[in-house]
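Heads up: the sequence shown begins at 1 in UniProt numbering, then just goes up one per residue.
Below you'll find the structure, written out as structure tokens, and then a few comments.
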Amino acid sequence: MKKVSIIGAGNVGSTLAFTLIDLNVDIVLVDIDKDKTNAMALDISEASTLGNYVNIKLSSDYEDIKNSDIVVVTAGIPRRPGMSRDDLLLKNAGIVSSVTKNIKEHAPKSIIIVVSNPLDAMVYTALKVSGFDTSKVMGMAGILDSARMNYFVRQELPNAKDVKSVVLGGHGDSMVPIISKCTVDGRSLDEVLDSDIISKVVSSTQNGGKQIVELLKTGSAYYAPAKSVSLMVESILLDQNKVLPVAIYLNEYKSVSGVLVKLGKNGISEEIKLDLTPSEKQGFDHSISKVTELIEVLQRDFFGKD
Ligand code: APR
1 MKKVSIIGAG
11 NVGSTLAFTL
21 IDLNVDIVLV
31 DIDKDKTNAM
41 ALDISEASTL
51 GNYVNIKLSS
61 DYEDIKNSDI
71 VVVTAGIPRR
81 PGMSRDDLLL
91 KNAGIVSSVT
101 KNIKEHAPKS
111 IIIVVSNPLD
121 AMVYTALKVS
131 GFDTSKVMGM
141 AGILDSARMN
151 YFVRQELPNA
161 KDVKSVVLGG
171 HGDSMVPIIS
181 KCTVDGRSLD
191 EVLDSDIISK
201 VVSSTQNGGK
211 QIVELLKTGS
221 AYYAPAKSVS
231 LMVESILLDQ
241 NKVLPVAIYL
251 NEYKSVSGVL
261 VKLGKNGISE
271 EIKLDLTPSE
281 KQGFDHSISK
291 VTELIEVLQR
301 DFFGKD
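Written as structure tokens, this is what we have:
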């Protein structure tokens, strides 16, 4: 049986485990908070007896992630109101780095999907600490950002049947909705919405995470993030080779950013290079430069001190 380990059994990690129960995989949850993890593992395993029974293993021992096909890293502290994703940088780099050392030791053949924020910098951290091939270390962000954009487009066009949004770039305020590639029922977005409405949709998408943080007050979003990771897990485990926006290391930029890729059993098999308009390309380059600034801080204040 395929095996997925989830490091960090908080809101995103436990919701992800719940989302995966029908996939018929072994699931291991690892967290430093044993009681909470135990509660989550019991609750989800009990729920699974009503469908496809999964005995979710709770663990605080990384031995148990042995032979995982995929390890999802959600460990970290979430954003609080008023806190940007970037404020989390050094704190979560420490957590992701220690988790990745354990993945490297106990599940050296796994594919790593990072969810912890600030996302792109944490993908870089996991890549650097693991030394895994760049096709095997990736981050979930673009699927979530695209889902948020789908939602805000649907708010404007309630009768739309098929909304496909594409959001690339870094997972932060500089994310780049690729308007020229967004479609509604097969027509391009700018044919069906006025430019001022598109600007409103873009701004709502860029603030989608913050909106939920401010309403929740005690954490950040988890249903849409967990569902987004589950699409990646399925595409890998079932070798679906779906084309999805995923954060990966880009050699030509020496940085990490969200791009469209094909995702299958060996991880990223191909990057799909889109033809961007000049302003989209400018937005994409700007977004990467923001991630690169964070990576430079990590190089100086985190890896420099290692
Ligand atoms: N090892 C294992 N688990 C850890 C560690 C660690 N070193 N440090 C923290 N954790 C666990 C916490 O105990 C907690 O259960 O990570 C979990 C994080 O869960 P939540 O606080 O509920 O956060 P969540 O909403 O799940 O978000 C997790 O994903 O979307 C991002 O910004 C978000 O970085 C955050 C991450």
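Glycine residues also receive a C-beta, built at the ideal position from the N, C-alpha and C atoms.
Source: prediction; values computed, not measured.
Query	Result
Heavy atom of the ligand APR within 7 Å of residue 57 beta-carbon	no
Among 149, 235 and 15, the one whose alpha carbon lies nearest that of residue 197	149
Cα-Cα separation between residue 158 and residue 184, rounded to whole angstroms	11 Å
Completely contained alpha helix (DSSP H) runs for the UniProt domain "Lactate/malate dehydrogenase N-terminal" (3-139), where each covers 4 or more residues	11-19, 34-48, 89-106 and 119-130
Contact test: residue 74 Cβ vs the ligand APR heavy atom, cutoff 7 Å	yes
Cβ pair count under 8 Å reaching 3, the stretch 112-132 against the stretch 67-80	yes
Distance between residue 154 and residue 140 (C-alpha atoms, nearest Å)	22 Å
Closest residue to residue 275 among 284, 211, 127 and 269 (Cα-Cα distance)	284
Assumed close pair residue 68, residue 92 - CB separation to whole angstroms, cut-off 8 Å	Going by Cβ atoms, the distance from residue 68 to residue 92 rounds to 21 Å, so no, they are not a contact pair.
Residue 251, buried or exposed, once every other Cβ within 10 Å from all chains shown has been counted against 16	exposed
Contact set for residue 164: own chain, Cβ-Cβ below 6 Å, skip 5 residues either direction	183
Host beta strand (DSSP E) of residue 255 (start-end)	255-264
Cross-strand partners of residue 188 (DSSP beta bridge)	183
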